[in-house]
Amino acid sequence: WLTRMQTIKYWYGYFFLKNLEWGFRRIMCLSGCLTAYRRSVLVELEPVLEDRTILGVSIKYGEDRFLTRQIIKAGYLTTMTHAARCRTFVPSTVSSYFSQQLRWRRSNIVDYSGAVSHVWRLNPFIAIHFFAQFALLVAYPVTVIRALSSGWFFEALQIHLYVIAVMGLYYRWRVRKQPKEERVGALSFLPIALCMPVTYALMTPLALFTLDSGSWETRGHEAEPEVATEPVGELVTGQHILVPALAAEPIRSRTAVDRRTGSQAQLPAA
Numbered sequence: 018w019l020t021r022m023q024t025i026k027y028w029y030g031y032f033f034l035k036n037l038e039w040g041f042r043r044i045m046c047l048s049g050c051l052t053a054y055r056r057s058v059l060v061e062l063e064p065v066l067e068d069r070t071i072l073g074v075s076i077k078y079g080e081d082r083f084l085t086r087q088i089i090k091a092g093y094l095t096t097m098t099h100a101a102r103c104r105t106f107v108p109s110t111v112s113s114y115f116s117q118q119l120r121w122r123r124s125n126i127v128d129y130s131g132a133v134s135h136v137w138r139l140n141p142f143i144a145i146h147f148f149a150q151f152a153l154l155v156a157y158p159v160t161v162i163r164a165l166s167s168g169w170f171f172e173a174l175q176i177h178l179y180v181i182a183v184m185g186l187y188y189r190w191r192v193r194k195q196p197k198e199e200r201v202g203a204l205s206f207l208p209i210a211l212c213m214p215v216t217y218a219l220m221t222p223l224a225l226f227t228l229d230s231g232s233w234e235t236r237g238h239e240a241e242p243e244v245a246t247e248p249v250g251e252l253v254t255g256q257h258i259l260v261p262a263l264a265a266e267p268i269r270s271r272t273a274v275d276r277r278t279g280s281q282a283q284l285p286a287a
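First residue of the sequence shown: 18, per my numbering; consecutive thereafter.
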């Protein structure tokens, strides 16, 4: 059930949340299994990428978000295509899923906080979209805790279930023409109605107080110590997070070039 739930979750993430960013060629997180960066961009940003700290503490997680934000901040465009596809691994146990969510919460907190100084200078729709997600990250745990303390949590959970059920039905209608092995049932999305309150109410505060952690949580080891790095090669690809992949080529915003490469993966049904 867990991998099936994530299939629908990532489908909405890529076909809806990222679609707005795609429309303005400002994909804010180039993540996953198949992402291409122009070499000259990485060389230009290498000094910034090597010195990533918070209050003197080196940060080893969320490098995909940080890199993408620095690319856009430097004046480049990012894009994606749903035509290319790839497969990737996702957590298949509750413990590994919560561990992944904890690491992602740390990444989100650091990235959203670091973007406050410059994201508002982007297209206003992108800025509103970005800060709305930040507001959700902050407000959701407060709302859940207040609902629990006020005694209306289960009423809110019931409404949440109705909304999730409608979203599941809409997903199922949209993917009806896809191969059977690449889609899941409409009811597969229902568990997220409970997973979301848990991950937001528990993981967000925990992530806030463990920002200095070097653990990859789902990788079973601490982050590797810093070593001298070799010059950036001709092509750099990322494969460190457990989501369907976008791929994009950053393009300087003042040019008229519109070359695209990328992928959006349907997770295999479990």
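The beta carbon of each residue, even a glycine, is placed where N, CA and C say it ideally should be.
Contacting residues, own chain, Cβ-Cβ under 8 Å from residue i (five flanking each side not counted)
i    : result
R43  : I89, L94, T95, L139, N140 and I143
L37  : F142, I143 and H146
F171 : none
According to DSSP, residues forming a beta bridge with residue i
i   : result
R43 : T95
Where the alpha helix (DSSP H) containing residue i begins and where it ends
i    : result
K26  : L19 to Y29
D128 : V111 to A132
W190 : F170 to R191
L153 : P141 to S167
M220 : Careful: M220 lies outside any alpha helix (DSSP H) and carries neither H nor E.
C212 : I209 to V215
For residue j and residue i, believed in contact at Cβ under 8 Å, the rounded distance
i    : j    : result
P151 : M45  : The sequence given here places Phe at residue 151; Pro does not occur at that position. No, F151 and M45 are not in contact; Cβ-Cβ is about 11 Å, not under 8 Å.
L228 : I71  : 6 Å
S167 : G185 : Not really, about 28 Å apart at Cβ, beyond 8 Å.
W28  : Y187 : That belief does not hold up - the Cβ atoms of W28 and Y187 are roughly 10 Å apart, past 8 Å.
V155 : L19  : V155 to L19, Cβ: 26 Å. No contact.
6 Å CB neighbourhood of residue i in its chain, flanking five on each side removed
i    : result
H135 : K90
Y129 : F151
P108 : Y114 and Q117
P214 : V161
R122 : M220, T221 and A224
A173 : A164
Beta-carbon proximity list for residue i, same chain, < 7 Å, skipping 5 on both sides
i    : result
F83  : R69 and D128
L178 : L207 and A210
P158 : Y217, A218, T221 and P222
I76  : R69, T70 and V127
A132 : R86 and F147
S124 : Y78, G79 and R82
W137 : A144
I181 : F206, L207, I209 and A210
V65  : Q87
Check: residue i C-beta below 7 Å from any heavy atom of the ligand GDP
i    : result
L153 : For the ligand GDP, the structure offers nothing, since it holds no ligand at all.
Taking contact to mean at least 3 C-beta pairs separated by less than 8 Å, is the segment 61–72 in contact with the segment 210–225?
no
Within 8 Å, do at least three Cβ pairs link the segment 22–40 to the segment 195–206?
yes
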